[in-house]
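Worksheet for the structure shown next.
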Ligand SMILES: [Mg+2]
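Laid out in structure tokens, this is it:
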């Protein structure tokens with residue numbers, strides 16, 4: 001069997017779906033995480049990277065040899081790693097696993113050693129209106145958290161601050177404390193409340209925020225500082241008992257290695273569609289396990305990326321909880337023929353049983369929506385003095 005053809009679709013909101021076809025007529029799907037968006041209608045960088053990887057290393061290859069294709073794509077690219085290259089590799093890797101699973105009539109996790117759990121815990125995002133007065137923002141966040149818990153979720157996540165000064169005023173800390181306190185009070189101690197600092201905080205602000213929010217027992221605090229501030233992350237870990245998490249902007253075992261070696265984190269959050277696919281994320285998970293670190297895969301994109309994440313969650317002993325933005329949402333689910341793999345019970349999804357990634361794509365709908373204008377411009381986040389901050 002050989003890989004004979006591919007198509008890369010670009011569909012709303014800004015997702016890429018990759019279709020690989022084999023000489024036997026089998027089709028596999030993957031979702032490279034779109035990087036460097038469609039600014040003013042221009043092509044995302046991932047499109048060119050996928051084209052190049054497939055034309056150099058995938059067309060005419062035997063799809064059974066996933067590891068060999070992965071190594072070819074990674075090592076033969078002299079300039080390697082990073083968000084664009086590893087996302088292209090990821091989407092291709094997912095499609096190859098989908099093909100292998102369909103060929104064997106088994107879900108991918110079955111081929112990776114079999115499932116280690118029956119259900120996968122997922123969390124729901126709670127949005128915080130940071131521009132509103134603090135009492136309103138806290139009430140809105142508490143309401144959203146309540147509704148997630150009423151739907152059965154056992155964990156939620158929120159971003160407790162807007163943009164920050166390098167060293168901000170006490171009111172900013174008080175505000176975060178009020179918002180997170182309101183959510184904790186609303187959901188009680190049986191629910192995980194994860195916080196995402198989103199890399200917005202300097203090490204000074206991260207320290208102050210961790211001190212103020214530790215009383216609410218966060219499930220974890222994500223990106224307390226930017227991923228490039230590794231030594232600062234390690235110092236923060238020494239001052240707090242809050243589990244720290246990072247990884248959505250790390251792309252390979254080699255990126256995670258210093259984070260794990262520093263002992264700074266309790267949770268790693270590789271994105272299967274950004275970090276080299278199922279092949280690489282499973283290895284990152286195994287590396288994390290040796291440091292007694294949990295896995296909570298990042299996934300703010302579409303149903304194929306989430307389905308690929310489920311395959312890793314199913315067989316990674318240290319998987320803690322899965323991020324998602326698909327469940328209960330009309331548009332993401334309109335791309336699949338059967339939404340049942342994305343319908344949780346009590347905040348958990350059954351481990352998928354279908355072959356490959358366990359989802360079938362509604363190809364007609366994907367073809368219909370491919371080519372729509374996906375223009376998007378990420379605004380520059382500026383502080384009150386006009387300087388550029390983190391968003
Ligand atoms: Mg995040």
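In full-length UniProt numbering, the protein residues as written are 1 to 391. Cβ coordinates follow ideal geometry from the N, Cα and C atoms, glycine included. Keep in mind the model is a prediction, meaning the values are calculated, not measured.
Query raised in the report: Do the segment 316-333 and the segment 95-104 make contact, defined as three or more Cβ pairs closer than 8 Å?
Result: no
**Report entry** Cβ contact (3+ pairs, closer than 8 Å) linking the segment 33-46 and the segment 112-119
**Finding:** no
Report task. Report back the beta-carbon spacing between residue 178 and residue 134 to the nearest angstrom; my notes put them in contact at under 8 Å. Result -> The residue given as residue 178 occupies position 178 in the chain shown. The residue given as residue 134 occupies position 134 in the chain shown. The pair is a contact, with the Cβ atoms about 5 Å apart (cut-off 8 Å).
Query raised in the report: Taking C-alpha atoms, which residue in 168, 172 and 216 lies nearest to residue 188?
Result: Translated into the one-based positions of the chain shown, residue 188 becomes position 188. The option with the nearest alpha carbon to residue 188 is 216.
Query raised in the report: What residues sit near ligand 1, counting only those whose C-beta is closer than 7 Å to one of its heavy atoms, in chain order?
Result: 196, 198, 222, 223, 248 and 298
Query raised in the report: For residue 361, which beta-bridge partners are listed by DSSP?
Result: Walking along the chain shown from the start, residue 361 turns up at place 361. Residue 361 pairs with 336.
Query raised in the report: Among the residues of its own chain, which have a CB less than 6 Å from the CB of residue 377, if the five just before and after it don't count?
Result: Here residue 377 refers to the residue found at position 377 when the chain shown is read from its first residue. The residues are 39.
Query raised in the report: Applying the criterion that 16 or more other CB atoms from any shown protein chain within 10 Å of the CB defines a buried residue, is residue 13 buried or exposed?
Result: Your numbering for residue 13 matches position 13 in the chain shown. By the neighbour-count rule (16 or more Cβ atoms within 10 Å), residue 13 is not buried but exposed.
Requested in this report: Write down every uninterrupted run of the alpha helix (DSSP H) in the segment 49-133 whose length is 4 residues or greater and which is fully enclosed by it, in chain order.
Outcome: 66-75, 82-104 and 108-111
Query - Helix, strand or coil at residue 244 [DSSP, three-state] - result: For this step, residue 244 is matched to residue 244 along the chain shown. If DSSP states are grouped into helix, strand and coil, residue 244 belongs with the strands.
Query - DSSP state of residue 283 mapped onto helix, strand, coil - result: For the purposes of this step, residue 283 is taken as residue 283 along the chain shown, with counting starting at 1. Looking at residue 283 - three-state DSSP - the assignment turns out to be helix.
Query raised in the report: Can you list, in chain order, the residues of its chain whose CB lies under 7 Å from that of residue 4, leaving out five sequence neighbours each side?
Result: In the chain shown, counting from the first residue as 1, residue 4 sits at position 4. The residues are 21, 22 and 23.
Query raised in the report: Counting pairs of Cβ atoms below 8 Å between the segment 131-146 and the segment 352-366, do you hit three or more?
Result: no
Report task. Kindly list the residues whose CB is nearer than 6 Å to the CB of residue 140, restricted to its own chain and excluding five residues on each side of it in sequence; keep chain order. Result -> One-based indexing of the chain shown puts residue 140 at position 140. Same-chain partners within the cutoff: 129.
**Report entry** residue 277 (DSSP reduced to helix, strand or coil)
**Finding:** Locating residue 277 in the chain shown gives position 277, where the first residue counts as 1. The answer is helix: DSSP assigns residue 277 an H, G or I state.
Query raised in the report: Which residues does DSSP pair with residue 157 in a beta bridge?
Result: If you number the chain shown from 1, residue 157 lands on position 157. DSSP, once it has assigned bridges, lists 125 and 194 as partnering residue 157.
Query - Other residues of its chain near residue 1: CB distance less than 8 Å, five sequence neighbours each side excluded - result: Within the chain shown, numbered from 1, the residue matching residue 1 stands at position 1. Within the same chain, residue 1 has close Cβ partners 22, 23, 24, 26, 62, 63, 64 and 103.
Query raised in the report: Between residue 344 and the rest of its own chain, which residues show a CB-CB distance below 7 Å, the 5 nearest in sequence each way excluded?
Result: The count along the chain shown starts at 1 and reaches residue 344 at position 344. Excluding sequence neighbours, residue 344 sits near 122, 152 and 327.
Requested in this report: Closer than 6 Å by C-beta to residue 337: which residues in its own chain qualify, once you throw out the five before and the five after it? Chain order, please.
Outcome: Walking along the chain shown from the start, residue 337 turns up at place 337. These residues qualify, in order along the chain: 360 and 362.
Requested in this report: My understanding is that residue 302 touches residue 332, with C-beta atoms under 8 Å, so please give their C-beta distance in whole angstroms.
Outcome: For the purposes of this step, residue 302 is taken as residue 302 along the chain shown, with counting starting at 1. For the purposes of this step, residue 332 is taken as residue 332 along the chain shown, with counting starting at 1. So it is a contact: roughly 6 Å between Cβ atoms.
Requested in this report: Please classify residue 394: does DSSP put it in a helix, a strand, or coil?
Outcome: What the structure shows of the chain is the stretch from 1 to 391, and residue 394 is not part of that stretch, so it cannot be assessed.
Requested in this report: For residue 254, count neighbouring C-beta atoms within 10 Å of its own C-beta (all shown protein chains included) and say buried if the count is 16 or more, exposed if not.
Outcome: By one-based count along the chain shown, residue 254 stands at place 254. Answer is exposed; the Cβ neighbour count stays below 16.
Query raised in the report: So is residue 79 buried or exposed if we call it buried at 16+ other beta carbons inside 10 Å?
Result: Position 79 of the chain shown holds residue 79. Its Cβ having fewer than 16 others within 10 Å, residue 79 is exposed.
Requested in this report: Give every residue of the same chain whose Cβ lies closer than 7 Å to the Cβ of residue 114, excluding the five residues on either side of it in the sequence, and list them in chain order.
Outcome: Residue 114 sits at position 114 when you count from the first residue of the chain shown. Only 315 meet the Cβ criterion.
Report task. Determine the contact status of residue 251 and residue 288, defining contact as a CB-CB distance below 8 Å. Result -> The residue you call residue 251 lines up with position 251 of the chain shown. The residue you call residue 288 lines up with position 288 of the chain shown. No. Outside cutoff.
Query raised in the report: Looking at the structure shown, is residue 290 part of a helix, part of a strand, or coil, going by DSSP?
Result: Translated into the one-based positions of the chain shown, residue 290 becomes position 290. Correct three-state label for residue 290: helix.
Query raised in the report: Given a threshold of 16 other Cβ atoms within 10 Å of its Cβ, counted over all protein chains shown, does residue 167 qualify as buried or as exposed?
Result: The count along the chain shown starts at 1 and reaches residue 167 at position 167. With fewer than 16 Cβ atoms within 10 Å of its Cβ, residue 167 is classed as exposed.
Requested in this report: Helix, strand or coil for residue 324, going by three-state DSSP, please let me know.
Outcome: In the chain shown, counting from the first residue as 1, residue 324 sits at position 324. Here residue 324 sits in coil by DSSP.
Query raised in the report: Can you round the beta-carbon distance between residue 284 and residue 311 to whole angstroms, since I take them to be within the 8 Å contact cut?
Result: Mapped onto the chain shown, residue 284 falls at position 284. Mapped onto the chain shown, residue 311 falls at position 311. Not quite, the Cβ-Cβ distance comes to about 14 Å (not below 8 Å), so this is no contact.
Query raised in the report: Going by beta carbon distance, what residues of the same chain come within less than 6 Å of residue 173, once the five residues before and after it are set aside?
Result: Position 173 of the chain shown, counted from the start, is the residue given in the question as residue 173. Hits under 6 Å: 208 and 212.
Query raised in the report: By Cβ distance, which residues of its chain are closer than 6 Å to residue 195, with the 5 residues on each side in sequence left out?
Result: The count along the chain shown starts at 1 and reaches residue 195 at position 195. For residue 195, where only same-chain residues beyond five positions count, the Cβ hits under 6 Å are 160, 218 and 221.
Query raised in the report: Using the beta-carbon count (16 or more within 10 Å), is residue 198 buried or exposed?
Result: As a working mapping, residue 198 is identified with position 198 in the chain shown. Its Cβ being crowded by 16 or more others within 10 Å, residue 198 is buried.
Report task. Report yes if the CB atom of residue 105 is closer than 8 Å to the CB atom of residue 389, and no otherwise. Result -> Locating residue 105 in the chain shown gives position 105, counting from the first residue. Locating residue 389 in the chain shown gives position 389, counting from the first residue. Taking 8 Å as the Cβ cut-off, residue 105 and residue 389 do not qualify as a contacting pair.
Requested in this report: Look up residue 37 in the DSSP assignment and give the residues it is bridged to.
Outcome: Counting from one through the chain shown, the residue named residue 37 turns up at place 37. Looking at the DSSP assignment, residue 37 forms no beta bridge with any residue, so it has no partner.
Requested in this report: Using 10 angstroms around the beta-carbon of residue 243, count the other beta-carbons present and answer buried if the total reaches 16, otherwise exposed.
Outcome: Your numbering for residue 243 matches position 243 in the chain shown. Its Cβ being crowded by 16 or more others within 10 Å, residue 243 is buried.
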